[in-house]
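Residue numbers (the working numbering): -18 to 62.
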């Protein structure tokens, strides 16, 4: 039984493109596997590379709410409300 609208990695690529997000095969594969295995994805990188846009697009594609947590050096888990 499928856990989402994607049955293949290509479905992820096509579905994200409908939301104006063009992703590489690596990203499509990571998103597909994370969904199938019900595991999270850690997205990291410098500012401006598209981390938040990837998360926004995935939330739209899977019709899920996006919970954004911005981490930084010195961040303490007690600060989460």
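By construction, the Cβ of each residue, glycine as well, lies at the ideal position given by its N, Cα and C atoms.
Just so you know, these numbers come straight off a predicted model, no measurement behind them.
What residue ranges within the region 2 to 29 form continuous alpha helix (DSSP H) runs of no fewer than 4 residues, ordered along the chain?
6 to 18
Near residue 55, what residues of its chain come up, given a Cβ to Cβ distance below 6 Å and the 5 sequence neighbours on each side ignored?
Residue numbering aside, residue 55 sits at position 74 when the chain shown is read from its first letter. None.
Compare the C-beta of residue 1 with all C-beta atoms of chain B and state if any pair is closer than 8 Å.
In summary, chain B is missing from the structure at hand, where a single protein chain is found.
Could you give the distance in angstroms between the alpha-carbon of residue -14 and the alpha-carbon of residue 12?
Counted from its first residue, the chain shown places residue -14 at position 5. Counted from its first residue, the chain shown places residue 12 at position 31. The alpha-carbon atoms of residue -14 and residue 12 are separated by roughly 12 Å.
Run through DSSP, which three-state label would residue 47 get?
For this step, residue 47 is matched to residue 66 along the chain shown. DSSP places residue 47 in coil when its eight states are reduced to three.
What is the DSSP secondary structure of residue -1, reduced to helix, strand or coil?
Mapped onto the chain shown, residue -1 falls at position 18. In the structure shown, residue -1 sits in coil (DSSP, three-state: anything other than H, G, I, E or B).
Could you compute how far the alpha carbon of residue 10 sits from the alpha carbon of residue -10?
Reading the chain shown from its first residue, position 29 is the one you call residue 10. Reading the chain shown from its first residue, position 9 is the one you call residue -10. C-alpha of residue 10 to C-alpha of residue -10: approximately 6 Å in a straight line.
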